[in-house]
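Down below is the structure, laid out as structure tokens.
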Amino acid sequence: MPKPSFVKVATVSEIPSGHGKLVMGPFEKPIALFNANGEFYAINYICPHMGGPLGEGKLAGYVVSCPWHGWTFDVRTGLPDHPGGHSVSAYEVKVEGNDVFVGWLKRVKD
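Under this note's numbering, think of the first position of the sequence shown as -18, with each following residue one higher.
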């Protein structure tokens, strides 16, 4: 498998723990970047339900709720936390010093 190409999207200090924000990932793709207890995760910004902004959703632990209709997703995997729902893509993230990078390859489950 090829190594992901990473793009700097934010600094650690820009996103407080328990919050997310819109960043532009590789190829100018809108990505929702979250700080979950000091760990950073990236998923598609657009909710598959009605196009809501996941980066503006409420983060509880590792689960973000879409602010439009409440669909929920695990930010570590992009999977819904309810059976039968649509998932969103999750992306590789790395932190180097104060810089946060997102990779263009989708995150592979461990």
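We treat Cβ as the ideally placed atom computed from N, Cα and C, and that holds for glycine.
query: L40 and N25 closer than 8 Å at C-beta; result: no
query: D80 burial status per 10 Å Cβ neighbour count (16 or more: buried); result: exposed
query: Alpha-carbon spacing of C47 relative to G78, whole angstroms; result: 30 Å
query: Cut-off 6 Å between Cβ atoms - residues of its own chain near G(-1), not counting five sequence neighbours on either side; result: L40
query: One or two residues paired with V56 in a DSSP bridge; result: V56 is not bridged to any residue.
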